[in-house]
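Protein chains in written order, with my numbering: chain P, 1 to 499; chain V, 500 to 646; chain U, 647 to 757.
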Amino acid sequence: MNVLPLFIVIPLGAAFLIPFLVKMWRRIPDLTGTLATLSLTVLAFCLTDKINTARVYYVGGWEPVKGIPIGISMVADGLSVLMLIIINFIALMVSIYSIEYMKQYTDKAKYYILFLLMIAGLNGVVLSGDLFNMFVFLEISAIASYSLVAFGIGAEELEASFKYQVLGGTASAFILFAIAIVYRITGTLNMADVSKVISTTGLNSAVLFSALLFFAGFSLKAALVPFHAWLPDAHPSAPAPISAMLSGVVIKVLGVYALIRVFFNVYGIGTFNSILSMMLIFGLISMVFGGILAVGQKDLKRMFAYSSISQIGYIIFALGLGTKLGYFAAVFHLINHAAFKSLLFLDSGAIVYRTGTRDLEKMGGLAQVMPVTSWTSLVGSLSISGIPPFAGFWSKLLIIIAAVQAKHFIWAFVAILVSIITLVYFMKFYKMAFLGKLNESFAKIKEVPVFMSLPLIILALLGIIMGILLLPALKELIIQPAADVIYSGVNYVQTVLGG
Amino acid sequence: MQGMSLIVKKISQIMAPSIFILGMYVVAHGHLTPGGGFAGGVLIAGCFTLLILAYGSSKERSLVFKEKASLIESGGIFLFLFIALLGLIQGTLFFVNIFSRSNPGVPGALFSSGIIPLCNIAIGVEVAAALFAIFITFAIMRFGEKL
Amino acid sequence: MIEYILAVVLFAIGLYGVIVKRNLIKIIIGLMIMEYAVNLFLALIGYRSGGAPPIVEVGKNQIFVDPLPQALVLTAIVIGLGTTALLVSFAVRIFEKYDTFDVRKIRKLRG
């Protein structure tokens, strides 16, 4: 029970320990960052026992009075534990990678401080049981990510980060407005309590308005079309480990997880029937739009950024189907995409580290000089495109089966089409970067150092074996509880307040 | 950056201690009167900002100020985390009111309401140092402008 | 009721500033107006007619305004401060690199 606050205290304490200790030894930030993320990952894995029930922790010991919560609460149910594992594990990989990669930039200490602050914010978002607490942690991690995107202070990074900040600030204003309206209607901020009250008042115009504001705010954070304008600029300009974190974790936690929590558990599908069809439509548009625009890109990381838009569209589309299999497929695709998009962005970072360019037309034949990078890129690309036996194939197959089961045959066909388009541009990436004739100026480069290749290998191995998560024993362990939380909807109230 | 004229320097020299003490008063009485950590911290930062604006400071001194302000800010956050963890060490939960069992205070008195005054002091230190660091950073950035 | 509508009008003015204006500084001011409008709305929610400021004096018994939105607004103001400070420092840096504040000319990333 007492473990839950540690997820926020450890990164926060480590982040503010760095300025004191960095004077003694220059490598303190690397050590602190890696130790902190390692301990967080271990803690997250320890939470997986009793995953089917929700652990509730009342901060300050303020227990509910006559069944009405009066204090801030932290809740860890199946979905939260899964997101915690994803966040902290990918943070560990990125932290190890950054030891070597961030040597190109000045001031590694500030990088690790901001990075740990972002981790603290992300952990806080998935653990909070309170609407306003979620908003505060969302802002913490968003502000840390604005600074991290512009870390190498060039002209393009500043412009991209400015656009990201203005749009992110607008989204936060929408979310705060929606929280204010919810407070006016229900008189409480605790998510379980709000759910109880809304189920009695039903859908009047104020509830509808706040739901729309929430949808707009969280879609902007998740980069759904038409709110995607910041993503193709922000993700390429960030340093590669931060791009991996942003694309692999942040848009999922701040966008998809918050959407699920607010709409499935707090509002409930029964209250707001058209939310599922909205998710379906926006997911579809993002899928197609991201896929088509990714084909024509010459910049490596920009292509990956558009691919992120497309894959998040898949996840939201699967959520919008409304069936039990759809939720399961969405959660599984979320795990897969987190692992693979991070792997691909770290690979692009390795390419930039050695060749100094992101332009696909200038590369070629890198497979001869960088074997580890080329193998891991191949695994990542094949998995995202949905080629068996990699894990991405299973999750896309499940999404298409779920769509067919829900009788949306045309949309399932569109999903298959977009999957083929995904294969097209990833094969284009692999061919232009790794196959073909080696460019003369790159003849002397070597493979990336050990600290960078280790996370690449680990993530690629995960990709190959994660298909086994579909076996019944492991499925019950991790994915099914998360899907059950989404499916149970407003029974969230029972698990939190009753248990 | 340059300071201002003699009149401004003298007036700010007279006013600054009063503003500082007002800020500390607001922080310390946060549980009895409106204010608390944030508002009092802003006042304390305002006092130092006033002095820097009136007297001016060179680039090197500004850099030294920024380093020290960052360190004090980190110290303030550590103090806050330490207070929050005291509950955990004492065997109970996080953020608990450690005074509620040993010696509860009288409502309305200065030494009352558990750990809230300590938290206010930590937050006041942190906000003051952070705002001062932001101001000094803007002042330093002016040195590098090309117009 | 009229106060809520006015707060929403202020929010709309801020939104107009962010979307339409071309100067970077005006966009930042628009965002600030939006955040302050939401803070104002949040503080207005706690009002109860005839209520006193929520400071307890021993022995007296009266209607107070709701103190929870006031605590929320404190936090939201500080968050707005952090966002604004970051945005303004970015604007200064962008001016150093691009020599203009016009958002239509700051367009190196395309496609």
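Built from N, CA and C at the ideal position, the CB exists for glycine as well.
Tell me the DSSP secondary structure of residue i in three-state form.
i               : result
E107 of chain P : The sequence given here places Asp at residue 107 of chain P; Glu does not occur at that position. The answer is coil: DSSP assigns D107 of chain P none of H, G, I, E or B.
S128 of chain P : strand
E710 of chain U : A small correction: the amino acid at residue 710 of chain U is Phe; Glu does not occupy that position in the sequence shown. Correct three-state label for F710 of chain U: strand.
N52 of chain P  : coil
M570 of chain P : The question about residue 570 of chain P has no answer, for chain P in this structure spans 1 to 499.
I68 of chain P  : strand
D745 of chain U : coil
A627 of chain V : helix
How close, in whole Å, do the beta carbons of residue i and residue j come, if the pair is a contact with beta carbons under 8 Å?
i               : j               : result
E156 of chain P : S237 of chain P : 5 Å
G326 of chain P : A406 of chain P : 7 Å
G676 of chain U : G697 of chain U : Actually they are not in contact, since the Cβ atoms of G676 of chain U and G697 of chain U sit about 33 Å apart, beyond 8 Å.
S310 of chain P : N265 of chain P : Rounded, the Cβ-Cβ distance is 27 Å, inconsistent with contact.
V506 of chain P : S199 of chain P : Any answer about residue 506 of chain P is impossible in this case: the structure gives chain P only from 1 up to 499.
S98 of chain P  : V250 of chain P : That belief does not hold up - the Cβ atoms of S98 of chain P and V250 of chain P are roughly 16 Å apart, past 8 Å.
V56 of chain P  : V493 of chain P : With a Cβ gap of about 12 Å, V56 of chain P and V493 of chain P do not count as contacting.
G380 of chain P : G386 of chain P : No, G380 of chain P and G386 of chain P are not in contact; Cβ-Cβ is about 12 Å, not under 8 Å.
G623 of chain V : G539 of chain V : 5 Å
M500 of chain V : S556 of chain V : 7 Å
F510 of chain P : G13 of chain P  : Coverage of chain P is limited to positions 1 through 499, which leaves residue 510 of chain P absent and any answer about it impossible.
I179 of chain P : F227 of chain P : Not confirmed; about 19 Å, so no contact.
P11 of chain P  : A109 of chain P : Actually they do not touch by this definition, with Cβ atoms about 15 Å apart.
I445 of chain P : V331 of chain P : 40 Å between Cβ atoms; not a contact.
G365 of chain P : N273 of chain P : With 8 Å as the limit, G365 of chain P and N273 of chain P do not qualify as a contact, their Cβ atoms being about 55 Å apart.
I478 of chain P : T53 of chain P  : Contact flag wrong, Cβ pair sits at about 15 Å.
F657 of chain U : M680 of chain U : 6 Å
A683 of chain U : A653 of chain U : 6 Å
I510 of chain V : L562 of chain V : I510 of chain V to L562 of chain V, Cβ: 28 Å. No contact.
F429 of chain P : L360 of chain P : 7 Å
Contact residues within the region 424-454 of chain P, judged by C-beta distance below 9 Å to chain U: none
Under 8 Å: do the region 478-498 of chain P and the region 519-527 of chain V share three or more Cβ pairs, one atom per stretch? no
Contacting positions in the region 126-155 of chain P - beta carbon closer than 9 Å to chain U: Per Cβ criterion, the list reads F132, F135, V136, E139, I140, A142, I143, Y146, S147, A150, I153, G154 and A155.
Counting beta carbon pairs with one atom in the region 37-57 of chain P and one in the region 2-11 of chain P, are three or more of them shorter than 8 Å? yes
Could you check whether the region 337-348 of chain P touches the region 400-419 of chain P, counting it as contact only if at least three pairs of C-beta atoms, one from each stretch, sit closer than 8 Å? In short, these stretches do not touch, since the Cβ pair count stays below three.
Check whether the region 204-220 of chain P touches the region 275-283 of chain P, counting contact only when three or more Cβ pairs, one atom from each stretch, lie closer than 8 Å. yes
Are three or more beta carbon pairs between the region 730-745 of chain U and the region 655-669 of chain U nearer than 8 Å? no
Near-chain P residues of the region 719-751 of chain U (beta-carbon distance less than 8 Å), N- to C-terminal order: T721, A722, I725, G728, T729, L732, L733, F736, A737, R739, I740, K743 and Y744
Using Cβ-Cβ distances below 7 Å, what residues of the region 273-298 of chain P are close to chain V? none
What ranges does the alpha helix (DSSP H) occupy inside the region 189-261 of chain P, keeping only unbroken runs of at least 4 residues that lie completely in it? 191-201, 205-222, 231-237 and 240-245
I'd like to know if the region 448-461 of chain P and the region 363-379 of chain P are in contact, where contact means that at least 3 CB-CB pairs between them fall below 8 Å. yes
Give the residues from the region 167-194 of chain P that approach chain U closer than 7 Å (Cβ to any Cβ), ordered along the chain. G169, T170, A173, L176, F177, A180, Y183 and R184
Determine contact between the region 250-258 of chain P and the region 89-102 of chain P, defined as no fewer than three beta-carbon pairs at a distance below 8 Å. no
Near-chain V residues of the region 12-23 of chain P - C-beta to any C-beta below 7 Å: L12, G13, F16, P19 and F20
Taking only runs of the beta strand (DSSP E) that begin and end inside the region 444-484 of chain P, which ones reach a length of at least 3 residues, in chain order? none
Residues within the region 680-693 of chain U neighbouring chain P, beta-carbon criterion of under 7 Å: M680, E681, V684, F687, L688 and I691
The region 122-140 of chain P contacting the region 16-34 of chain P, beta-carbon criterion three pairs below 8 Å: Fewer than three Cβ pairs drawn from the region 122-140 of chain P and the region 16-34 of chain P lie within less than 8 Å of each other, which leaves the two stretches out of contact.
With a floor of 4 residues, list each alpha helix (DSSP H) that falls wholly inside the region 652-731 of chain U, ordered by position along the chain. 670-691
Counting beta carbon pairs with one atom in the region 310-319 of chain P and one in the region 394-409 of chain P, are three or more of them shorter than 8 Å? yes
Does the region 73-84 of chain P come close enough to the region 507-519 of chain V to have 3 or more Cβ pairs within less than 8 Å? no
Does the contact criterion of 3 or more C-beta pairs under 8 Å hold for the region 204-213 of chain P versus the region 146-161 of chain P? no
Any chance you could list the alpha helix (DSSP H) runs of at least 4 consecutive residues sitting entirely within the region 109-178 of chain P, in chain order? 131-149
The region 572-583 of chain V: which residues have C-beta closer than 7 Å to a C-beta of chain P, in chain order? The region 572-583 of chain V vs chain P, Cβ under 7 Å: S573, I576, F577 and L580.
Kindly provide the ranges of any beta strand (DSSP E) runs that are 3 or more residues long and lie completely inside the region 343-423 of chain P, ordered along the chain. Taken in chain order, no unbroken stretch of beta strand (DSSP E) lies wholly in the region 343-423 of chain P with a span of 3 residues or more.
Against chain P, which members of the region 504-536 of chain V pass a CB distance test of less than 8 Å? none
Interface residues of the region 667-679 of chain U facing chain P [CB-CB below 7 Å]: If the cut-off is 7 Å between Cβ atoms, the region 667-679 of chain U has I673 and L677 near chain P.
Count the C-beta pairs between the region 152-166 of chain P and the region 456-464 of chain P that are closer than 8 Å, then say yes if the count reaches three, no if not. no
Against chain P, which members of the region 541-571 of chain V pass a CB distance test of less than 7 Å? S569 and L570
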